[in-house]
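Peer 1: Submitted below is the structure of interest, expressed as C-alpha cells.
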Amino acid sequence: MAWAAAAILFCAWTLPFAELTDTSVTCTFSEDCVLPCTFKASSDEVIHWNRNKLSVHAYYRAADHLDKQDKHFKGRTSLFKDQIKHGNASLLLRNCNIQDSGKYQCYTSTKQGNQEKLINMKVHAPIRSVNIEKIDEEVICSSKGIYPAPNLSWTTDPPTQSDMLNNSTQTTQDPNGLYSVQSKVRFMGNVSNCTYICSVTSADGMQKWTTSLKQQEMSSVNGANVTIPCLAPGIFKPRAFTWTITRAHKAEVILRQFDNLTQEISDHWKNKARVDPKQVLSGNGSLWLQNILENSAQTETYTCAFAAFRIQHLVLTDVTLLPEPHTGDQRNRVHYAAILPGALIIAAMCALMVLKKKSKQRDTPGPEAQQKPTLLTSPNSNGR
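Per mature numbering (1 follows the signal peptide of the UniProt record, and there is no 0): the sequence shown = residues -18 to -1, 1 to 366.
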C-alpha cells in the first residue's frame, strides 16, 4: 500500500510538468521549415532537440551548445532566441532534404518542470511542372524532382483503347532521393484530331497536373497571309500563352501573352504576327501571319501553348509552304507579252500587202476589157 501511494504521489507530481504529444509537420524539399515546440515560460531554460538519440540542437545557460550536434544538421539549425523567454522552443531547420524526415524529440526544462514533445516530420517535393512533346512517332510526358514517387496516366480525346497507346513508363530516383517519371505513347497518325492527355498525380492525391498535346497539319502558298488555328479544350482560362516556331530543331518565340492582356512580340515578328488578346482569354489563340516567305518550299512547326494553374495545352501545327501556283503561267505570259507586239506588226504588214494587191487588181482591166467594143448596126442602117 505504501508503494502504491508513493506511485500515485509521483504521478500527481509529474503530470503538471511532463507532456508527451505527437505533432505532424510536412516540409518542402530545399526550403526552410519550422518544427513547433512550446513550453510554460520560466527561467533557466534548457532545450534539447534530438532525432534517433542524436543531437540536433542544444541550448542551455542562455546559449547554444552545438559541439555534440550531428554533422547532418551542421549549420542548418537555429532557435528563435527572442522567443524563448515567452515559451517558444521551435526549431528552424534550413534547406530541408529527404534525409531530414523522421521523428524529432523536443525536450524543455525550466524551474517549473520539464516537458517533452514529439514532432513527426515529413519532407515532400511537390510537382512543379509537367512537360509533353512529340518526338518522331512518340508522344513523351515527363516530370522530375518529386517526392514521394508520383503516379502518371494517359487518356485521349476522343477516347481510344489503352492497348492502342502502348504506353511505356519509367521511374528513377536521383542522389537526393527525388523521383523523375517519363512515359511514352505511340503517336497514332491514322487517328485524326486526337488529343493526347497526360496526368501526373502526387502520391497523396493532393496534387494533379495535366498537360495535353494535339497535332494538326495545313498548307499555305509561299508569300501569302495565313491564319493558324489554335483552340484550347473545354473551359480554359489561361494565365499565359505562347507561340513558337521550330526550325532545324531550334525553337524561336514569336509572341507571349500574360493574364493582364500584355503581349510581347519578338522583333523579327513585329508587324508580321498578330493574335487577338481578348480571344486568347476565351481559349482562341489563332495566329495571323502576314506574307510568310521562304526561299524554298518546306514544312515548319508552329506551336501554341496555353498555361493555367496545373494545366497546359499544346497545339502543334505543321505548316507546309507551297510554291506560288501560277509561277509558270506568269513566265509564259511574260514571254508572250515580249513577242506579241512584233507578231502584231508583222500581221499588220501582211494584211496591208494583201489589201494593196487586191486594190491593184481592181484597177487593172482584164483581156476582155482591153478589146474595142463592136457597134451593132441594124440592117436598115444604110437604108434608103
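Using N, Cα and C, we set each Cβ at its ideal position, and we do this for glycine too.
Taking the straight line between their C-alpha atoms, what separation do you get for ARG33 and PHE11?
Peer 2: For the purposes of this step, residue 33 is taken as residue 51 along the sequence shown, with counting starting at 1. For the purposes of this step, residue 11 is taken as residue 29 along the sequence shown, with counting starting at 1. Rounded to whole angstroms, ARG33 to PHE11 spans 19 Å at the Cα level.
Peer 1: Would THR8 and LYS67 qualify as a contact pair, given that the criterion is a beta-carbon distance under 9 Å?
Peer 2: Here residue 8 corresponds to residue number 26 of the sequence shown, with the count starting at 1. Here residue 67 corresponds to residue number 85 of the sequence shown, with the count starting at 1. No, these two residues do not count as a Cβ contact at 9 Å.
Peer 1: Suppose you measure from the CA of VAL235 to the CA of VAL262; what does that come to, to the nearest Å?
Peer 2: Here residue 235 refers to the residue found at position 253 when the sequence shown is read from its first residue. Here residue 262 refers to the residue found at position 280 when the sequence shown is read from its first residue. Taking the straight line from one Cα to the other gives about 17 Å.
Peer 1: Going by CA-CA distance only, name the one from GLN294, ILE247, SER83, GLU282 that's closest to LEU304.
Peer 2: Here the question's residue 304 lines up with position 322 in the sequence shown. Of the listed residues, the one whose Cα sits closest to LEU304 is GLU282.
Peer 1: What does the alpha-carbon distance come out to for the pair ASP241 and GLY95?
Peer 2: In the sequence shown, the residue the question calls residue 241 occupies position 259. In the sequence shown, the residue the question calls residue 95 occupies position 113. Taking the straight line from one Cα to the other gives about 57 Å.
Peer 1: Return the CA-CA distance between ILE101 and ASP4, expressed in angstroms with no decimal places.
Peer 2: For this step, residue 101 is matched to residue 119 along the sequence shown. For this step, residue 4 is matched to residue 22 along the sequence shown. If I take the Cα positions, the gap works out to 6 Å.
Peer 1: Based on the DSSP output, what are the partners of THR138 in its beta bridges?
Peer 2: Taking the sequence shown and counting its residues from 1, one reaches residue 138 at position 156. Answer by DSSP bridge pairing, in chain order: TYR178.
Peer 1: Measuring CB atoms only, is the region 139 to 159 touching the region 221 to 229, in the sense that at least three cross pairs come out at less than 8 Å?
Peer 2: no
Peer 1: Which runs of the alpha helix (DSSP H) spanning at least 4 residues fall entirely within the region 50 to 136, listed in chain order?
Peer 2: 63 to 66
Peer 1: Classify VAL262 as helix, strand or coil using the three-state DSSP reduction.
Peer 2: Residue 262 sits at position 280 when you count from the first residue of the sequence shown. The answer is helix: DSSP assigns VAL262 an H, G or I state.
Peer 1: Count Cβ pairs between the region 112 to 119 and the region 184 to 201 that sit closer than 8 Å; are there 3 or more?
Peer 2: yes
Peer 1: Does the Cβ of TRP270 have 16 or more other Cβ atoms within 10 Å, making it buried, or fewer, making it exposed?
Peer 2: By 1-based counting over the sequence shown, the position of residue 270 is 288. The residue is exposed, with fewer than 16 neighbouring Cβ atoms inside 10 Å.
Peer 1: Within a Cβ cutoff of 8 Å, which residues of the same chain sit near HIS39, ignoring the five residues on either side of it in sequence?
Peer 2: Your numbering for residue 39 matches position 57 in the sequence shown. Within the same chain, HIS39 has close Cβ partners ILE29, HIS30, TRP31, ASP46, LEU48, GLN51, PHE55, THR59, SER60, LEU61, LEU73.
Peer 1: Give me the Cα-Cα distance between ALA107 and ASN79, rounded to the nearest whole angstrom.
Peer 2: Residue numbering aside, residue 107 sits at position 125 when the sequence shown is read from its first letter. Residue numbering aside, residue 79 sits at position 97 when the sequence shown is read from its first letter. Those two C-alpha atoms are separated by around 9 Å.
Peer 1: If I follow the unbroken beta strand (DSSP E) through ASP241, where does it start and stop?
Peer 2: In the sequence shown, residue 241 corresponds to position 259, counting from 1. ASP241 -> no beta strand (DSSP E), and no H or E assigned at all.
Peer 1: Buried or exposed: which applies to HIS295, given that a residue is buried once 16 or more other Cβ atoms fall within 10 Å of its Cβ?
Peer 2: Walking along the sequence shown from the start, residue 295 turns up at place 313. Buried, since its Cβ has 16 or more Cβ neighbours within 10 Å.
Peer 1: Alpha carbon to alpha carbon, how far is ARG168 from GLN239? Give it in angstroms, no decimals.
Peer 2: Working through the sequence shown from its first residue, we reach residue 239 at position 257. Working through the sequence shown from its first residue, we reach residue 168 at position 186. Cα to Cα, GLN239 sits roughly 32 Å from ARG168.
Peer 1: Can you give me the start and stop residues for the beta strand (DSSP E) that SER162 sits inside?
Peer 2: Taking the first residue of the sequence shown as position 1, residue 162 is located at position 180. Looking at the DSSP string, the run of the beta strand (DSSP E) that includes SER162 is 161 to 168.
Peer 1: If you scan the region 192 to 225 from start to end, which runs of the beta strand (DSSP E) of 3 or more residues do you find wholly inside it?
Peer 2: 208 to 210
Peer 1: DSSP puts LYS232 in a beta bridge; with which residues?
Peer 2: Working through the sequence shown from its first residue, we reach residue 232 at position 250. For LYS232, which the question treats as bridged, DSSP gives the partners ARG229.
Peer 1: Suppose you measure from the CA of LYS22 to the CA of SER150; what does that come to, to the nearest Å?
Peer 2: For the purposes of this step, residue 22 is identified with residue 40 of the sequence shown, where counting begins at 1. For the purposes of this step, residue 150 is identified with residue 168 of the sequence shown, where counting begins at 1. Approximately 57 Å, taken between the alpha carbons.
Peer 1: Would you please state the rounded distance, in angstroms, between the beta carbons of ILE109 and ILE122? I believe it to be under 8 Å.
Peer 2: The count along the sequence shown starts at 1 and reaches residue 109 at position 127. The count along the sequence shown starts at 1 and reaches residue 122 at position 140. 17 Å between Cβ atoms; not a contact.
Peer 1: Is it buried or exposed, TYR86, if we count other Cβ atoms within 10 angstroms and call 16 or more buried?
Peer 2: Indexing the sequence shown from 1 puts residue 86 at position 104. Per the 10 Å Cβ criterion, buried.
Peer 1: Quick check on this structure: which residue in ALA71, THR92, VAL301, CYS88 has the alpha carbon closest to the alpha carbon of ILE208?
Peer 2: For the purposes of this step, residue 208 is taken as residue 226 along the sequence shown, with counting starting at 1. The sequence shown places Val at residue 208, rather than the Ile named in the question. That would be VAL301, whose Cα lies nearest to the Cα of VAL208.
Peer 1: Cα-Cα, which of LYS166, GLN189, ASN172 is closest to PRO132?
Peer 2: Residue mapping note: residue 132 aligns to position 150 of the sequence shown, counting from 1. Ranking the options by Cα distance to PRO132, first place goes to GLN189.
Peer 1: DSSP three-state label for SER150, please.
Peer 2: As a working mapping, residue 150 is identified with position 168 in the sequence shown. Correct three-state label for SER150: strand.
Peer 1: Under a Cβ-count criterion, where at least 16 other Cβ atoms within 10 Å of its own Cβ denotes burial, should PHE291 be classed as buried or exposed?
Peer 2: By one-based count along the sequence shown, residue 291 stands at place 309. By the neighbour-count rule (16 or more Cβ atoms within 10 Å), PHE291 is not buried but exposed.
Peer 1: Taking the straight line between their C-alpha atoms, what separation do you get for ILE210 and ASP118?
Peer 2: The residue labelled residue 210 in the question sits at position 228 within the sequence shown. The residue labelled residue 118 in the question sits at position 136 within the sequence shown. If you take the alpha carbons of ILE210 and ASP118, they lie about 22 Å apart.
Peer 1: Please state whether DSSP places ASP4 in a helix, a strand or coil.
Peer 2: Position 22 of the sequence shown, counted from the first residue, corresponds to residue 4. Correct three-state label for ASP4: strand.
Peer 1: For SER37, write down the residues that DSSP places opposite it in a beta bridge.
Peer 2: Counting from 1 along the sequence shown, the entry for residue 37 is found at position 55. Answer is ASN32, bridged to SER37.
Peer 1: Could you tell me which residues DSSP puts in a beta bridge with GLN155?
Peer 2: Locating residue 155 in the sequence shown gives position 173, counting from the first residue. According to DSSP, which records beta bridges pairwise, GLN155 is partnered with TYR161.
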